[in-house]
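> One structure is given below, represented as C-alpha cells, and several questions about it will come after.
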C-alpha cells in the first residue's frame with residue numbers, strides 16, 4: 001500500500017505508535033494522543049484490514065482511567081483478540097503503574113473483551129516502558145520497575161491468561177543488577193516460554209565493568225515463575241564507587 005494516515009484526531013500530538021497483526025487478518029495500531037481525553041496523553045487505537053489496509057471503523061479509546069497521562073502503548077495478538085498495555089498514573093496518584101486491556105481482533109467498534117487491568121503487583125516506585133507478547137495460549141508482559149532489584153530500575157516480567165489475569169508472580173529478569181536495567185522487549189514461544197531483551201546500563205570488558213550501555217537477553221521456560229530456562233550465567237564484576245540513582249530510566 002501507499003502511506004496511510006491512521007490517526008483521525010489532528011489536534012495535539014499523536015506519538016509512540018505500536019502495531020500488531022492477528023491471524024484473523026487484521027492489524028491493530030495504537031498510539032498516545034495529547035489532550036484527546038481531556039487529561040494529558042491518552043491511548044487510542046484503530047483496526048485495519050491486513051490484506052488491503054482498509055480501515056475497520058474509527059479510532060477508539062483504549063484506556064478507561066483518564067486521570068494524568070497514559071503513555072508508551074504496546075500491542076500483541078493472542079487467539080482472536082488484541083491486547084494493549086501502557087504506563088499510566090497509579091491509584092496512589094504519585095507513581096505510574098502498568099495497565100492492560102483486551103479487544104476483539106475483528107469488527108469495527110472498540111470491541112473491548114476485558115476491562116482495564118493493572119498488571120504489576122508491586123506499586124512501590126514507577127512502573128514504565130511496558131512490552132507484551134503472546135506466549136502459548138496466554139501472554140507475557142515485561143516492564144521497567146523502579147527499585148525492583150535494589151539498584152535503580154530493574155526489569156520484571158509476568159505471565160497472564162486472556163482475562164488478562166496473572167498466572168505467575170513478577171519474575172525478576174536480569175541477573176546483573178547494578179545501576180539501571182530498562183527498555184525491555186519481549187517475544188513469546190508456542191510452548192509458552194518467552195525471551196526478554198533489555199538495555200543494561202553497564203558492560204563488562206576484560207573482567208572490568210565498562211561505562212557504556214549494552215543489550216542483554218534471557219530466556220524463560222513456559223511454566224516460568226522465578227526460574228529461567230537453561231543454565232544461569234553469573235557475570236563477574238569488580239566493586240566500583242556507586243553513582244546517585246536516577247528517578248527515571250534513560251530513554
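Residue numbers (this note's numbering): 1 to 251. Think of the CB as a built atom: it goes at the ideal place given N, C-alpha and C, for glycine as much as any other residue. Computed from a prediction, not measured in an experiment: that's the story for all the values here.
Check each candidate in 216, 171, 188 and 107 and name the one with the smallest Cα separation from residue 180.
Nearest C-alpha to residue 180: 216.
> Residue 127 bridges to which residues according to DSSP?
Residue 127 pairs with 145.
> Can you tell me which residues form a DSSP beta bridge with residue 253?
No answer is possible for residue 253: it lies beyond the span of the chain, which begins at 1 and ends at 251.
> Would residue 12 be called buried (16 or more neighbouring beta carbons within 10 Å of its own) or exposed?
It counts as exposed.
> Kindly list the residues whose CB is nearer than 7 Å to the CB of residue 67, restricted to its own chain and excluding five residues on each side of it in sequence; keep chain order.
Hits under 7 Å: 39 and 89.
> Which stretch, first to last residue, makes up the beta strand (DSSP E) that contains residue 178?
Unbroken run through residue 178: none, as it is neither H nor E.
> In chain order, what residues of the same chain lie with their CB nearer than 8 Å to the CB of residue 53, ignoring the 5 residues before and after it?
Cβ within range, chain order: 1 and 4.
> Would you verify that the beta carbon of residue 106 is, or is not, closer than 8 Å to some beta carbon of chain B?
The structure shown has no chain B; it contains just one protein chain.
> Compare the beta carbon distance of residue 83 and residue 72 with 8 Å and say whether it is the shorter of the two.
In this structure, residue 72 does not lie closer than 8 Å to residue 83 by Cβ.
> Does the pairing of the segment 46-61 with the segment 132-152 give three or more beta-carbon distances under 8 Å?
Judged by Cβ distances under 8 Å, the segment 46-61 makes no contact with the segment 132-152, as fewer than three pairs qualify.
> For residue 23, count the other beta carbons within 10 Å of its own beta carbon; 16 or more makes it buried, fewer makes it exposed. Which is it?
With fewer than 16 other Cβ atoms within 10 Å, it is exposed.
> Considering only the alpha carbon of each residue, which of 138, 114, 150 and 42 lies closest to residue 160?
Checking every option, the nearest Cα to that of residue 160 belongs to 138.
> Only counting the same chain, and skipping five residues up and downstream in sequence, which positions put a Cβ closer than 8 Å to that of residue 264?
Given that the chain is displayed from residue 1 to residue 251, the structure contains no residue 264 and the question cannot be resolved.
> Along the beta strand (DSSP E) that carries residue 78, what are the first and last residues, could you check?
Here the beta strand (DSSP E) through residue 78 covers 70-78.
> Which residue or residues does DSSP assign as beta-bridge partners of residue 97?
Paired residues: 88.
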